[in-house]
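Engineer: Take this structure first; my questions come after.
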């Protein structure tokens, strides 16, 4: 007797979607919603583009498989657009992302919850919009060196950033610097200092998430192909014990150097480097970093950055 494949009927698909929207997880709900609408991923991508959101088919596939999760501003806009495209209740998918804050993936020991990071990402986008940042900032990173300072009370004193960039459109004359303080920080008390080849423009902050965005103005307008070097510093020191520093890479390319320097009276027991595909993904590439005995610092070098997250963490005795 020939085997007959059993296919889920419309009622089964609807029931699966209702269950997934109530209890999650996000990727199951997304997959069920796409199945309920009967749309191939190419059509979903087309609908998103009509909403002004660009997301690749590969990313959509990863999202519904649970291999990756939306985290960047463009991705979060896509999730909200998907709720409309797939005829879902408003905030239904976003809620499932936020509710995973206590479901920490294996190997992840982030200082901030997933909900906090999700909210901060949204806040950054709003602050950048308030500062009239164009969709295309017009700059490619050739080199980026950050020096993070940890104080005698184990707090994040601040960080200095040294950028080497190249313009790929005409008229670029500014850079938007983003600083995300440790939990409990006070961004209203932070100070942004322009150190070289720039000056501080408008500054915005969000108290609840600890996010600060500052406009750094160049004294020239760059043409396509022009390179530019500038430095700035963020004075923080407003939060409690710091345990890590992460760099979120939104655009691939360029060399990145991260150095963390500790006060001689507050040295960590162990330091390590790590990477993540996104804030929701498990941490990989963990490697111990030896502390310099004379300069009390550790560092990492990425010859060419890939999108995702790279950082240094440390343990106190």
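Numbering (my numbering), first residue to last: 1 to 317. Quick reminder that beta carbons are idealized off the backbone N, C-alpha and C, glycines included.
1) Looking at the unbroken beta strand (DSSP E) that takes in residue 40, where does it start and where does it end?
2) Nearest CA to the CA of residue 323: which residue from 62, 56, 245, 95?
3) Going straight from the alpha carbon of residue 317 to that of residue 88, what length do you get?
4) Since residue 316 is in the beta strand (DSSP E), which residue starts that stretch and which ends it?
5) Rounded to whole angstroms, what's the CA-CA distance from residue 307 to residue 237? Just pull it up for me.
6) With 16 other CB atoms within 10 Å as the buried threshold, where does residue 216 fall?
7) Pick out whichever of 269, 181, 249 has its Cα sitting closest to the Cα of residue 148.
8) Quick one: Cα of residue 232 to Cα of residue 259, how far?
9) Are residue 322 and residue 64 touching if we call contact CB-CB under 8 Å?
10) Can you round the beta-carbon distance between residue 124 and residue 70 to whole angstroms, since I take them to be within the 8 Å contact cut?
11) Can you give me the Cβ contacts of residue 269 inside the same chain, cut-off strictly under 7 Å, excluding the 5 residues immediately before and after it?
12) Please state if the CB of residue 176 and the CB of residue 235 are separated by a distance shorter than 8 Å.
13) Measure the alpha-carbon distance for residue 211 versus residue 128 and round it to whole angstroms.
14) Taking all protein chains shown into account, do 16 or more other C-beta atoms lie within 10 angstroms of the C-beta of residue 90, making it buried, or fewer, making it exposed?
15) Closer than 7 Å by C-beta to residue 33: which residues in its own chain qualify, once you throw out the five before and the five after it? Chain order, please.
Structural biologist: Put simply:
1) No beta strand (DSSP E) contains residue 40, which DSSP labels as neither H nor E.
2) This structure leaves residue 323 out entirely; the chain is present only between 1 and 317.
3) 49 Å
4) Judged by DSSP secondary structure, residue 316 falls outside any beta strand (DSSP E); it is assigned neither H nor E.
5) 29 Å
6) buried
7) For residue 148, the closest alpha carbon among the candidates 269, 181, 249 is that of 181.
8) 15 Å
9) Only positions 1 to 317 of the chain appear in this structure, which leaves residue 322 out of reach.
10) Incorrect: roughly 15 Å between the Cβ atoms, too far for contact.
11) Counting only residues of its own chain and dropping the five nearest sequence neighbours on each side, residue 269 has a CB closer than 7 Å to the CB of 315, 316, 317.
12) No.
13) 11 Å
14) exposed
15) 17, 86, 88
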